[in-house]
Amino acid sequence: MQRGFLKSAMNRARPEVKNCSLSPEPSSDKDIGTWLCEKGPYQEYIAALSGSNPGLIKPDPNNAKNALTDSNALVVLLDLPSAENPEFKKSEFRGPQDLAEHFQDVKTTFGDDANHGLRRVYIMEGLAKKYVSVLGGHFMMDPSFFQRQERTCVWSNDFTPVSDALPHPARLDPERSFHLQYCELRQFNKAIENKPYFCQRTMRHVGMTPPRHKEDSTTGILRRKTSWWCRKTPKGGWDVVILCDPQLAALNIQPREYNKNTRSYTDLKISEQLMNAPFQDGYVDFIPTVSHLLAADIPKHPHTSMLRDLIYYIQHHSYLFTTAEWSNPSTSSIFVKKIVAAHYLQLVDYIKAMLPSLELRLTTAWVEEQEQWKSLQTISRRCGNYRDDIEDTLLSLGYPIETLDSARKVDWRDCEKDFQYIYFRLKILKERADTLMQSMTGLASIAGNRQNLEEAKRVKRLNLLALLFVPLAYTSSLFSMQDDYAPNKGSFWVYWVSALSVVALTVITTWLLDSALDDAAQWDVPFSKWWRKKQNSKAEPSTEKKERRGTGFYN
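Structure, rendered in structure tokens:
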């Protein structure tokens, strides 16, 4: 009985819970990873790893309407058949079925693809589900290799719903894989409005810089990504997979062209009028200058996309490395790092050229201060973002973040020196931009004070006008302007004599009052300052008292 009483008491004390929201049940593993690849063994592998990496569960929302279709990707194979002669042969797979048949032929030839002695570089431009299923399913690589390449890394005021963070530093192994973010400068043939745009295929941000006044063009800064992965085989072979972004073909937001005559923007069709090309015809080459005997035999640099640039360097400049160096798959990563560094160096030079132009405007004239402030704010913000990317790059590649050692031995393959210099220059450029912003703030204060002085002068003119017309109005109201004092009457002259006398009396009175007020706002005898000045002129200059500055009413 006592137990029943306690139970009823506990039920009465327990609060009634209605519509209690429970934690959602875990989603089914059947659909996890289907946004990245087709259903199959690799998709099941992604679902199994989704617990340790939640970013594998869903795609980037910016790519929700931009499905990873087959036409969005291309895979190129660079094969080194002979270890003695470093000459790579190129093969392109226009469809995922061709790539699957290639892997099947390798298995048929070697029995197990992991035991071959070949040296192969697979370069994948863009992302597509079927390509990821075939390529990822064949090598069973970490799915985060494709996931990080898919993230758009968009700057937004909203909270980012997906993660693009760097993995734990202790897990980074640059000899096995790495992921790099960089920027590419593109030159558009029209002056485009400075607003956010995005690449239609990758949904990566395209930052437009303000168009120059003397040029009918606009420079765009494209956000780009590239990833590198490798594995070694017991027979001395290796496989390398490189992911890169396709070149900009269209913008997802309709740009507007600037019309100098009407000073307005009009819609611009990308397919018909808007074209883009490498800024200043591309970055400066990083390989040593070849002799005049070999220069004619080497094809010109394409400067079209990361894919074509990598093919160009691996095919035509593989002789720069010895046979022993090509036994290590990391040799192929040098070209990836150098291309990324070349794009960053071009970006640094571009920002270095922009800052002096803004400095010149500040020293010559204070015009368009709002646009200059926006430009400096944009440069400072972007330099901070680029510097963060370089920090992640140095960490991903295992390079120390330290002061640049300019005395290091000259070697064109030294990627560490390039990225450390880029980090150092971006840090200096951000400091310069911040200093210019502080100077602009001071100039804005000066300009504001000057504007206040101009407004004070206008008020002074109004006061002088009031000083003239108030006595006239007072005199007219005093005489009421009737009878003999009305216009065209005999005594009308009395009004003018009286009005002008009042005006003169008002001017003299205000002048005396202004002269009798000293710096401490105390009354002083009129003309005493003239007497003191006369007496001080006879004394030594050091004892001369400084004359009080007037209130600005009469001087």
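According to full-length UniProt numbering, numbering within the sequence shown proceeds without interruption in unit steps and concludes at 555. Where a beta carbon is used, it is the ideal one built from N, C-alpha and C, also for glycine.
Taking all protein chains shown into account, His168 has fewer than 16 neighbouring C-beta atoms within 10 Å of its C-beta and is therefore exposed.
Contact annotation, Leu268 with Arg256: C-beta distance approximately 6 Å; criterion of less than 8 Å satisfied.
The C-beta distance from Pro299 to His316 rounds to 6 Å, short enough to fall under 8 Å.
For the 8 Å CB-CB criterion, Thr209 and Phe279 do not form a contact. The beta carbon of Val336 lies closer than 8 Å to those of Leu180, Thr226, Trp228, Ile242 and Leu310 in the same chain, with the five residues before and after it left out. Between Lys90 and Val76 a beta carbon distance of about 6 Å is seen, short of the 8 Å cut, so the two are scored as contacting. Around the CB of Arg94, fewer than 16 other CB atoms lie within 10 Å, so the residue is classed as exposed. Residue ranges of uninterrupted alpha helix (DSSP H) with 4 or more members are absent from the region 186-240; none lies entirely inside it. Nearest to Phe146 by alpha-carbon distance, out of Val503, Thr378 and Asp245, is Asp245. Around Val470, the same chain offers Thr506 as residues with beta carbons nearer than 8 Å, after the five sequence neighbours per side are excluded. Cβ atoms of Leu135 and Phe198 stay farther apart than 8 Å, at about 26 Å.
A contact between stretches requires three or more CB pairs, one per stretch, nearer than 8 Å, and the region 48-58 fails this requirement with the region 101-118. Counting only residues of its own chain and dropping the five nearest sequence neighbours on each side, Thr152 has a CB closer than 6 Å to the CB of Asp60, Asn62, Met203 and Arg204. Per DSSP, the beta bridge partners of Lys89 are Asp79.
Within a 10 Å sphere around the beta-carbon of Asp216 sit fewer than 16 other beta-carbons, which makes this residue exposed.
Annotation: Glu193 to Gln200 spans about 18 Å, alpha carbon to alpha carbon. Inter-residue distance for Phe178 and Ser375 is about 33 Å (C-alpha atoms, whole angstroms). Assigned with DSSP and collapsed to three states, Leu68 falls in coil, not helix or strand. Looking at Glu125, Arg432 and Ser498, the one whose alpha-carbon comes closest to that of Ser357 is Arg432. With contacts defined as CB atoms closer than 8 Å, Arg413 and Ile339 fail to qualify as a contacting pair. In this structure, the CA atom of Ala342 is about 15 Å from the CA atom of Lys352. Taking 8 Å as the cut-off, the beta carbon of Asp239 is found closer than this to the beta carbon of Phe139.
Here DSSP, grouped into helix, strand and coil, assigns Pro167 to coil. Apart from the 5 residues on each side of it in sequence, Pro302 sits with its Cβ closer than 8 Å to the Cβ of Arg308, Asp309 and Tyr312 in its chain, given in chain order. In the three-state reduction of the DSSP assignment, Pro487 falls in the coil class, being assigned neither a helical nor a strand state. Between the alpha carbons of Leu345 and Ile390 lies a distance of about 12 Å. With a contact defined as Cβ atoms closer than 8 Å, Glu84 and Thr323 qualify at about 6 Å. DSSP, read as helix, strand or coil, puts Ser318 in helix.
Rounded to the nearest whole angstrom, the C-alpha separation of Leu436 and Gln372 is 10 Å. Boundaries for Pro278: no alpha helix (DSSP H) harbours it, while the beta strand (DSSP E) harbouring it runs Asn276 to Pro278, taken from the DSSP string. If the five residues before and after Phe424 are omitted, its C-beta is found closer than 6 Å to the C-beta atoms of Leu404, all from its own chain and listed in chain order. Collapsing the DSSP output to three states places Thr152 in coil.
Per DSSP, the continuous beta strand (DSSP E) segment holding Glu125 begins and ends at Arg119 to Glu125.
In the three-state DSSP reduction, Ser357 falls in the helix class (H, G or I). With respect to the 8 Å criterion, Leu127 and Leu68 are classified as neighbours on the basis of their beta carbons.
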